[in-house]
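Trainee: Next up is a structure, given as structure tokens.
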Amino acid sequence: MMDKDLIRKKRSKTSSSQRNKQSMPAQDYTLDRMTPREKEIFLLTKKGLTSKECAAAFGISVRTVEIHRANIIQKYQVKNIVELVYRSNQALDKGKKLH
Numbered sequence: 001m002m003d004k005d006l007i008r009k010k011r012s013k014t015s016s017s018q019r020n021k022q023s024m025p026a027q028d029y030t031l032d033r034m035t036p037r038e039k040e041i042f043l044l045t046k047k048g049l050t051s052k053e054c055a056a057a058f059g060i061s062v063r064t065v066e067i068h069r070a071n072i073i074q075k076y077q078v079k080n081i082v083e084l085v086y087r088s089n090q091a092l093d094k095g096k097k098l099h
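For the sequence shown, position 5 (counting from the first letter as 1) is numbered 5 according to UniProt numbering, and the numbering increases by one without interruption.
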């Protein structure tokens, strides 16, 4: 009985958080909150480059690229970089500039 209640609460929280993310305005996904290096990493990632390729492009370690990506994910409160790419594309589709 207790497990069912716990599962129901978890599902409710998950659904609520998904609805909140889906309803966030597109302008929240512009690059305004990124540092210059985070923007560079994000734009290369958006083009399909791996962490290793980004690291080579900037002469930094793969771990540094991963830290930048983690910071981006945290700032934009997305699950992963792929979700941010998707959201930024939505912003572009709505006429927002990425900066």
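Yeah, the Cβ is synthetic: ideal placement off N, Cα and C, and Gly gets one too.
Can you tell me where the alpha helix (DSSP H) holding T30 begins and where it ends?
Mentor: Within the sequence shown, residue 30 is the residue found at index 30, counting from 1. Where T30 is concerned, there is no enclosing alpha helix (DSSP H), given that its DSSP letter is neither H nor E.
Trainee: Can you find at least 3 beta carbon pairs, one from the region 60-75 and one from the region 35-52, that sit closer than 8 Å?
Mentor: Flag = yes, the region 60-75 and the region 35-52 touch.
Trainee: If you drop the 5 nearest sequence neighbours on each side, which residues of the same chain put their C-beta closer than 6 Å to that of V85?
Mentor: Your numbering for residue 85 matches position 85 in the sequence shown. K46, listed in sequence order.
Trainee: Between the alpha carbons of A56 and N89, how many angstroms are there, rounded?
Mentor: Walking along the sequence shown from the start, residue 56 turns up at place 56. Walking along the sequence shown from the start, residue 89 turns up at place 89. When rounded, the distance between both Cα atoms is 26 Å.
Trainee: Report all residues from its chain with a CB closer than 7 Å to the CB of V62; omit the five preceding and five following residues, and keep chain order.
Mentor: Translated into the one-based positions of the sequence shown, residue 62 becomes position 62. Same-chain partners within the cutoff: S51, K52, A55.
Trainee: Just curious, the alpha helix (DSSP H) that V82 is in, first and last residue?
Mentor: Working through the sequence shown from its first residue, we reach residue 82 at position 82. Start and end: 81-93.
Trainee: Do you know offhand how far P36's Cα is from D5's?
Mentor: Residue numbering aside, residue 36 sits at position 36 when the sequence shown is read from its first letter. Residue numbering aside, residue 5 sits at position 5 when the sequence shown is read from its first letter. Roughly 46 Å separates the two Cα atoms.
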